[in-house]
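Here the sequence shown stands for residues 1 to 333, numbered as in the working numbering.
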Amino acid sequence: MHYRIDRVRGGTYRAEVEAYIAQNHYMRSSGGSGQLFAVVRDDDQVVGACLIGATASQNQNRSLVGACLIGPTASADAERSIAQPGVLVRQIKRSFLSDDVPTSAMYESQLLRHSMQAVCDEYDQPVLFVSYADPAATDARTGQPLAGWIYLAAGFFYVGTTSSTRRCVIDHQGRARSTRQGAVTLTRNTLPKAGSTFHGEAITADWRMATLPPARIWVAVTTPTRFTRRQAKHAWRTVFAAINLARRVAARTWISHTTWRRKLAGGTVTLGEPRPQHLRRHDRFQPALWRGGEITRTSAPVWVPLVHQQRALLFEDVAGETVAGRVYAPLAA
Numbered sequence: 001m002h003y004r005i006d007r008v009r010g011g012t013y014r015a016e017v018e019a020y021i022a023q024n025h026y027m028r029s030s031g032g033s034g035q036l037f038a039v040v041r042d043d044d045q046v047v048g049a050c051l052i053g054a055t056a057s058q059n060q061n062r063s064l065v066g067a068c069l070i071g072p073t074a075s076a077d078a079e080r081s082i083a084q085p086g087v088l089v090r091q092i093k094r095s096f097l098s099d100d101v102p103t104s105a106m107y108e109s110q111l112l113r114h115s116m117q118a119v120c121d122e123y124d125q126p127v128l129f130v131s132y133a134d135p136a137a138t139d140a141r142t143g144q145p146l147a148g149w150i151y152l153a154a155g156f157f158y159v160g161t162t163s164s165t166r167r168c169v170i171d172h173q174g175r176a177r178s179t180r181q182g183a184v185t186l187t188r189n190t191l192p193k194a195g196s197t198f199h200g201e202a203i204t205a206d207w208r209m210a211t212l213p214p215a216r217i218w219v220a221v222t223t224p225t226r227f228t229r230r231q232a233k234h235a236w237r238t239v240f241a242a243i244n245l246a247r248r249v250a251a252r253t254w255i256s257h258t259t260w261r262r263k264l265a266g267g268t269v270t271l272g273e274p275r276p277q278h279l280r281r282h283d284r285f286q287p288a289l290w291r292g293g294e295i296t297r298t299s300a301p302v303w304v305p306l307v308h309q310q311r312a313l314l315f316e317d318v319a320g321e322t323v324a325g326r327v328y329a330p331l332a333a
């Protein structure tokens, strides 16, 4: 069986792919507007999809909303602290690959990178892609929260967490839902009550509001295919330099001992000492939380400190990531 990735433009085909996302993605919604891609088998059966779209803020080039989160909130510190004006920002709104797709045929990270490159080439300019890993949802295989393994495998860099308060609603069956239900945004005063009917569904117990943990923010820069290596490197570094100075990028980069001491004095946060094989006479591959302008083309994304995760992981653990057998389930509280 062979698989291909289609760019979905519109019409009944787009409606079919959107229905597939709504049925299979853990958010149980299509994600709305944006550039849509579908993974299709030889028999034309849709088995995966990726949706990339603009942010819902008026200042779309630098503002981000948690549209892909269970409890989206629009807050200045969460939305506008990613990049300075002038950077084209697009959000990974939905990504899903069926467990039936063999890992020998395709990884979800491949779907992400293909879709990102296609979107970048359509705009014909560098794009800063942003996605959220929502710890309010879990991997049913492991019980672990969605911390961002798939983004690390796709070459994304971790830049911290959202700082606004996030909330969801817990329905009468104990399921976590977005506060946005169709055209209605639920508040504590408008939560469905036992004995009522909401969107045609009989409510058997009072719905309640729950607070969610911060979401992890992941970013990646993609440059147009037509760029030369020199142009791509310059554009890549320019976009990273536009990342807000209040954020730090988790990355490994070659650095001399002298320069490292100077940067450490300037406030760069280390992520631990290098392994013996990383030590060289003059340079070392140093994992740290860097300012965006300090990131170079030779940098590699790294996992984040133990305080930000439930168990220690290395990049090598997810470099060949698989999504087979993974089922996402929102936490009920």
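Where is the CB? At the ideal position from N, CA and C, for every residue including glycine.
- The count of Cβ pairs closer than 8 Å, one atom from the stretch 145–162 and one from the stretch 190–209, stays below three, leaving the stretches out of contact.
- For Ala246, the closest C-alpha among the options Arg291, Ala38, Phe37 is that of Arg291.
- Setting aside the 5 residues that flank it on each side, Tyr20 is surrounded in the same chain by Val46, Ala49, each with a C-beta closer than 7 Å to its C-beta; the list follows chain order.
- Taking the C-beta atoms as reference points, Val169 is found nearer than 7 Å to Thr179.
- Secondary-structure assignment with DSSP links Cys120 through no beta bridge to anything.
- For the set Met116, Val17, Asp121, the Cα lying nearest the Cα of Ser98 is the one of Val17.
- The Cβ neighbour count for Pro213, taken over all protein chains shown within 10 Å, is under 16; the residue is labelled exposed.
- A residue is called buried when at least 16 other Cβ atoms come within 10 angstroms of its Cβ; Thr222 meets this threshold and is buried.
- Listed in chain order, the beta strand (DSSP E) elements of length 3 or more contained wholly in the stretch 226–304 are 249–256, 283–290.
- Rounded to the nearest angstrom, the Cβ distance from Tyr132 to Leu88 is 18 Å, too far for a contact under 8 Å.
- DSSP places Arg14 inside the alpha helix (DSSP H), whose first and last residues are 11–24.
- CA-to-CA, the gap between Arg166 and Thr258 works out to about 42 Å.
- Considering only Ala251, Ala118, Lys93, the residue with the shortest C-alpha distance to Val269 is Ala251.
- In this structure, Ala154 keeps its C-beta atom at 7 Å or more from the C-beta atom of Arg94.
- When only Cα atoms are considered, Pro224 and Val101 end up about 29 Å apart.
- Annotated three-state conformation of Ala136 is coil, per DSSP.
- Annotation: the continuous beta strand (DSSP E) that includes Ala38 extends over 35–41.
- Just so you know, the alpha carbons of Pro287 and Thr197 end up roughly 54 Å apart.
- Look at Trp149 here: in three-state DSSP terms it is helix.
- Put simply, of Ser30, Arg4, Ala83 the residue whose alpha carbon is nearest the alpha carbon of Arg248 is Ala83.
- One Cα belongs to Arg208, the other to Ser164, and the distance between them is close to 20 Å.
- Under the DSSP assignment, Lys93 falls in the beta strand (DSSP E) whose first and last residues are 89–97.
- Proximity to Arg261 across Ala242, Arg284, Pro85, His2 peaks at Arg284, based on C-alpha coordinates.
- Measuring C-alpha to C-alpha distances from Val127 to each of Ile5, Ile243, Leu271, Leu289 identifies Ile243 as the nearest.
- Of Ala105, His25, Ile295, the smallest CA-CA separation from Met1 is found for Ala105.
- Ser256 and Val219 have their C-alpha atoms roughly 26 Å apart.
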